[in-house]
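Everything below concerns the one structure shown next.
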Amino acid sequence: MYRIREVDASDDEISEMIEHLHRATSDFPALEQSDYDEGHWWIGYLDNDPVSYAGVIPSSMYPSSGYFKRVGVLSGHRGNGLQLRHMKAIERKAKSLGWAMIVSDTTGNTPSANNFIRAGYRLFDPTYVWAFQHTLYWKKDLNA
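Okay, so the sequence shown: first residue is 625 according to this note's numbering, each after it adds one.
Printed below as a string of structure tokens:
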């Protein structure tokens, strides 16, 4: 049975586990220490084995909002709804922090984009783009 648990990413052992999952699931650059220190992170487990991770950090562009920084699921565990479960955990945390919105982006990842749609996120055009020309930008109003 899969379990999603919030973790303390300021703990070196936990941040190393997240970084290992990150490298195993993504070609994105390494996370920065500030992402661990300022963010909120979750690890998904199958029994005691870590198989997924996700994190949200305070948005630097939108006040009282979070930026869905990363999510990754090991290839053998994709298709089990783990990204959606991580998204729901992030939304619960964001609401408890009083955040009004979560923003994120996807680039060339159709399964992830479809999960944003399933979770109720909407496409939007940010005032200042922060990624690539062909990136899709997502937001979800948590007060709706």
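Where is the CB? At the ideal position from N, CA and C, for every residue including glycine.
This structure is a prediction, so every number in the text was calculated from the model and none was measured.
Confirm, please, whether the CB-CB distance from residue j to residue i is below 8 Å.
i      : j      : result
Val727 : His710 : no
Val675 : Tyr691 : no
Ala648 : Trp666 : no
Thr730 : Trp762 : yes
Leu708 : Ala737 : no
Met725 : Asp765 : yes
Ser699 : Trp723 : no
How many Å lie between residue i and residue j at the Cα?
i      : j      : result
Lys717 : Gln757 : 30 Å
Asp671 : Gly744 : 29 Å
His701 : Val753 : 32 Å
Met685 : Glu715 : 18 Å
Val697 : Leu706 : 7 Å
Asp636 : Pro682 : 21 Å
Thr747 : Met641 : Sequence inspection shows Leu at residue 747; the Thr mentioned does not correspond to that position. Computed Cα separation, rounded: 31 Å.
Ser658 : Met625 : 32 Å
Pro653 : Arg742 : 27 Å
Ile628 : Asp749 : 31 Å
Which residues does DSSP pair with residue i in a beta bridge?
i      : result
Arg629 : Ile667
Arg694 : Gly679
Met725 : Ser689, Asp765
Arg746 : Lys763
Pro674 : Tyr669
Residue i lies in the alpha helix (DSSP H); which residues open and close that run?
i      : result
Ser720 : 706-720
Asp661 : 657-662
Leu645 : 636-649
Tyr740 : The amino acid occupying residue 740 in the given sequence is Phe; Tyr does not appear at that position. It spans 734-742 - the alpha helix (DSSP H) in which Phe740 sits, taken as one unbroken run.
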